[in-house]
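Contents: one structure, followed by commentary.
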Amino acid sequence: MGSIGSEQHEQVWRSKIRTWGPFCLLLWDNPFNGKITKPGTILYRGATLSDDSIASFQEDCTADPKPWRSFQSFTSSTRNRNVAEQFGNALFVMKTRLAFTIDLSELSEYFHEQEELIYPGVSFKINRMEFDKDKNKHLIYLNLQQRHDSKSS
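For what it's worth, UniProt numbering labels the leading residue of the sequence shown as 1, then goes sequentially.
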């Protein structure tokens, strides 16, 4: 998530379209997953963020009004906080309002990880941030919402 919006990220993403594009289309049109994640579901994602990325998230958190951001690609997350806490210097705590995800736990060899794949285009606002000194992690709280027009709040 930290490289979203960078030119380097854009070029990497574009270079993978030929190989990942068909796979992503299958995930997007998955006939076995026609459900929307239950509102209020909490998802987690651990990530390693640069100081600049953390500062950018902090700016968004204090902005008025808070800007909408979105996932530009399929993004792995988990319903199991302990799994996500194993990764990186930041933990995203994401509360769903209306978000399309794919429950991969039944398809995964690691079903205990309770993986949820967030669809591209799911939007979020940063609700708040804090630093957990015991775990040495930035906690970034997001509200996820599928947005279809500019009037969504």
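Built from N, CA and C at the ideal position, the CB exists for glycine as well.
Nearest CA to the CA of residue i: which residue from the options?
| i | options | result |
| --- | --- | --- |
| THR101 | ASP134, ASN136 and SER77 | SER77 |
| GLY40 | THR48, MET94 and VAL122 | MET94 |
| ALA84 | LYS135, THR19, PRO22 and TRP20 | LYS135 |
| LYS38 | ASP103, HIS138 and ASP132 | ASP103 |
| LEU43 | GLN114, ASP51 and CYS61 | GLN114 |
Name, in chain order, the residues that DSSP records as bridge partners for residue i.
| i | result |
| --- | --- |
| SER123 | SER70 and GLN145 |
| LYS16 | DSSP, once it has assigned bridges, lists no residue as partnering LYS16. |
| ILE102 | LEU117 |
How would you label residue i, buried or exposed, when you count the other beta carbons within 10 angstroms and need 16 or more for buried?
| i | result |
| --- | --- |
| PHE92 | buried |
| SER123 | buried |
| ILE140 | buried |
| ARG128 | exposed |
| LEU107 | exposed |
| SER150 | Note on SER150: pLDDT 49, under 50, position unreliable in the model; the coordinate value appears next. SER150 should be labelled exposed. |
| GLN11 | exposed |
Am I right that residue i and residue j are in contact with their C-beta atoms under 8 Å? What's the rounded C-beta distance?
| i | j | result |
| --- | --- | --- |
| THR75 | ILE17 | With a Cβ gap of about 17 Å, THR75 and ILE17 do not count as contacting. |
| SER57 | ILE126 | Strictly speaking, residue 57 in this sequence is Phe, with Ser absent from that position. Yes, they are in contact, since the Cβ atoms of PHE57 and ILE126 sit about 6 Å apart, within 8 Å. |
| ARG81 | GLU116 | Between GLU116 and ARG81 the Cβ distance is about 13 Å, and since that is not below 8 Å, they are no contact. |
| ILE54 | ALA99 | The pair is not a contact, with the Cβ atoms about 23 Å apart (cut-off 8 Å). |
| ARG69 | ASN143 | At roughly 11 Å, the Cβ-Cβ gap does not stay under 8 Å, so ARG69 and ASN143 are not in contact. |
| GLY46 | PHE87 | 3 Å |
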